[in-house]
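Just below is one structure, and these are the notes that go with it.
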Amino acid sequence: MVGRTLDRIRRTAPISALGLVLLFTQACANLSGQPEFLTITRTQMHMGTLVTITAVAPTESAALAASTEGFLEIRRLEALLSTWISSSELSAVNAAAGKAAVHVSQDTLSVVKLALRVAEVTDGAFNIAIGPAVDLWNVTEKQSIPTTEELQLVRNQIALEAVHIDDAKQTIFLDRAGMRIDVGGIAKGYAADQAVLSMKKAGATAGIVALSGDIKAFGRLPEGKRFPIGIQHPRKRGEILLMLDLENEAISTAGDYERYFERDGVRYHHILDPSTLQPARECQSVSIIAKEGGWADGLDTGVFVLGPARGMHLIEKLGDVHAIIVDREGKVHVSSGLKQRIRFPAGEEKEKPR
Ligand code: FAD
Ligand code: MG
Numbered sequence: 004m005v006g007r008t009l010d011r012i013r014r015t016a017p018i019s020a021l022g023l024v025l026l027f028t029q030a031c032a033n034l035s036g037q038p039e040f041l042t043i044t045r046t047q048m049h050m051g052t053l054v055t056i057t058a059v060a061p062t063e064s065a066a067l068a069a070s071t072e073g074f075l076e077i078r079r080l081e082a083l084l085s086t087w088i089s090s091s092e093l094s095a096v097n098a099a100a101g102k103a104a105v106h107v108s109q110d111t112l113s114v115v116k117l118a119l120r121v122a123e124v125t126d127g128a129f130n131i132a133i134g135p136a137v138d139l140w141n142v143t144e145k146q147s148i149p150t151t152e153e154l155q156l157v158r159n160q161i162a163l164e165a166v167h168i169d170d171a172k173q174t175i176f177l178d179r180a181g182m183r184i185d186v187g188g189i190a191k192g193y194a195a196d197q198a199v200l201s202m203k204k205a206g207a208t209a210g211i212v213a214l215s216g217d218i219k220a221f222g223r224l225p226e227g228k229r230f231p232i233g234i235q236h237p238r239k240r241g242e243i244l245l246m247l248d249l250e251n252e253a254i255s256t257a258g259d260y261e262r263y264f265e266r267d268g269v270r271y272h273h274i275l276d277p278s279t280l281q282p283a284r285e286c287q288s289v290s291i292i293a294k295e296g297g298w299a300d301g302l303d304t305g306v307f308v309l310g311p312a313r314g315m316h317l318i319e320k321l322g323d324v325h326a327i328i329v330d331r332e333g334k335v336h337v338s339s340g341l342k343q344r345i346r347f348p349a350g351e352e353k354e355k356p357r
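Residue numbers (our numbering): 4 to 357.
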């Protein structure tokens, strides 16, 4: 899908993405008044969502070139991983379920292997074999509640042990008919990682890639500041819950407030608990900060399903990742390594996070 470009050269740019708001400050100017570095922000549509890339570089042409490389990388990965594109590698793997192994590129293999690692650490709460249940719920289109019988019928296809990877042959085989792997919960974070690598190669000295709620920042803003990020309040649209600064880190937010419908006062959203095949109920939003975007993106979905207690226990055990979990009552839980880094919007009296 060719990205629709809304190009603009911006110096201050409040850009909001799912769950996160990016606020930039003026590019710094040296004594002669010429900016030492330029900050360019561009937005395109890719992977079914708004993708905003900011590149910092010594010249405008270098910043433009770096952001273009970032978008091209995201578009390349979308063509491989999108189950919205029938010619993608992942669509071919799904179409061959129960029949044959499919040869795939290293990227597709890396995303599926990373997904299996997230599944392992989250005890199966993160499960890319969830596709058939995601299709039954289809919260963005159908807005209907599947019956227990319908969900029972796909239960046998939602089996990670039926996903076979052959590293040597570079193939993926789903050994049951009807299986459908869905990387919606991890591939955008992975794409942010890869886009940053492309931008660095193209000469960006710093920047930030935001695929809706999956963000990766590298380097610092021209005046030496880290990238300020706001976490959206899951129940007060447009309001910031809290803020923090990023440098060479990724942050991913999974929430029940973008892709959902309500029926009789109950919210049905797109993050399913593989043990019940129902929308997970313990959280409103989970933000994970990690070095790698793919890891943060997979964990935000997995921790969302685990809930605040088991989820925070996993985060503290992993040690090199951080979490902000808003539980079902709206209580904010912040992991120990993050407590000193978060700040609340001015004037907001906040209940101290747990
Ligand atoms: P997260 O909150 O990180 O995860 C939720 C998503 O993960 C769900 O939407 C579901 O896909 C999956 N999931 C649900 N439960 C689980 C679970 N327990 N374990 C693992 N995964 C789970 N959307 C469109 O509307 N049109 C498009 O053309 C389109 N193209 C896409 C192409 C690609 C390559 C990708 C990765 C996604 C695409 N999407 C598209 C989907 C969309 O961009 C996001 O994936 C979706 O909005 C969820 O993003 P998120 O960060 O909120 O997901
Ligand atoms: Mg995710």
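Yeah, the Cβ is synthetic: ideal placement off N, Cα and C, and Gly gets one too.
Is it buried or exposed, alanine 283, if we count other Cβ atoms within 10 angstroms and call 16 or more buried? buried
Which residues mark the beginning and the end of the alpha helix (DSSP H) in which lysine 219 is found? Lysine 219 -> not in any alpha helix (DSSP H); beta strand (DSSP E) instead, spanning 217 to 221.
CA-to-CA distance, glycine 73 to alanine 198, given in whole angstroms: 4 Å
Could you name the residues that DSSP lists as bridge partners for glutamine 47? Val54
Kindly indicate which three-state DSSP category alanine 103 falls into: helix, strand or coil? coil
Distance between leucine 84 and glutamine 160 (C-alpha atoms, nearest Å): 20 Å
beta-carbon serine 215 near the ligand FAD non-hydrogen atom, thresh 7 Å: yes
Should alanine 122 go down as buried or exposed, given a rule of 16 or more other Cβ atoms within 10 Å for buried? buried
Just to confirm, is the Cβ distance from serine 215 to leucine 53 under 8 Å? yes
Nearest candidate by alpha-carbon position, reference alanine 326, set Phe307, Asp267 and His106: Phe307
Are the CB atoms of phenylalanine 40 and alanine 69 nearer to each other than 8 Å? no
Quick one: using the 10 Å Cβ neighbour count with 16 as the cut-off for buried, is glutamine 287 buried or exposed? buried
Taking 7 Å as the line, does the beta carbon of methionine 182 fall inside it for any heavy atom of the ligand SAM? Ligands displayed in this structure: the ligand FAD and the ligand MG; the ligand SAM is not among them.
Which same chain residues, not among the five before or five after aspartate 323, have their C-beta less than 8 Å away from its C-beta? Ala293 and Lys294
Going by DSSP, what residue range makes up the beta strand (DSSP E) through isoleucine 211? 209 to 214
Does the beta carbon of arginine 120 fall short of 7 Å from some heavy atom of the ligand FAD? no
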